[in-house]
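Numbering (my numbering), first residue to last: 37 to 196.
Each residue gets a CB set at the ideal place from its N, CA and C atoms; glycine is no exception.
Here you go:
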């Protein structure tokens with residue numbers, strides 16, 4: 037589940053309020069637990085900070101916490117492009133900052149990562165590996181969304 041920042045601070049979109057965000061996450065946890073299921077919560081840094089206790093409770097229930105990232109909704113909106121539009125150095129800088137913020141909020145470094153809109157480029161995997169991520173959902177086979185820098189027409193549909 038992608039856990040976004042509220043819409044007011046997130047040009048790509050998000051829940052209207054922090055209360056709605058919290059209720060949606062709690063409801064999702066409840067339904068999954070009632071059915072004996074688990075998931076990975078992909079959480080943007082600001083949401084990790086805002087809902088810290090809720091996510092730590094989910095971790096205690098056996099859910100995984102991973103980092104989600106939209107450049108446009110991070111910090112004060114200084115990044116205006118999609119992740120796949122940035123160079124190696126720019127991605128390393130942004131994702132390093134986001135990782136520090138996320139880690140300071142939750143208390144540990146995540147191993148899983150998901151970029152907003154599956155936006156990535158030839159540098160993204162190298163950056164993620166350098167930052168310590170070990171798995172990522174960075175592409176969707178056959179996706180063709182050039183405006184998000186998410187074009188994977190020739191991607192292996194079975195990467196695992």
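Non-local C-beta neighbours of residue 84 in its own chain, meaning closer than 6 Å and more than five positions away in sequence, comprise 138, 141 and 142, ordered along the chain. The region 91-105 makes contact with the region 72-80, as at least three CB pairs between them are under 8 Å. Between the region 165-177 and the region 186-195 there are three or more inter-stretch CB-CB distances shorter than 8 Å, so the stretches are counted as touching. Residue 185 is a Cβ neighbour of residue 120, given a cutoff of 8 Å. Under the three-state reduction of DSSP output, residue 76 falls in the strand class. With contacts defined by Cβ atoms closer than 8 Å, residue 163 and residue 124 form a contacting pair. Positions of the alpha helix (DSSP H) runs, each at least 4 residues long and wholly inside the region 109-196, are given as 124-142 and 160-166 in order along the chain. The beta carbons of residue 108 and residue 48 sit closer together than 8 Å. Each residue's CA atom was taken as its position, placing residue 159 and residue 135 some 17 Å apart. Taking 8 Å as the cut-off, the Cβ atoms of residue 90 and residue 62 count as close. For residue 110, the closest of 58, 183 and 42 by C-alpha to C-alpha distance is 42.
Here residue 64 carries a helix assignment [DSSP, helix/strand/coil]. Taking the C-beta atoms as reference points, residue 147 is found nearer than 8 Å to residue 171. If the five residues before and after residue 45 are omitted, its C-beta is found closer than 8 Å to the C-beta atoms of 82, 109 and 113, all from its own chain and listed in chain order.
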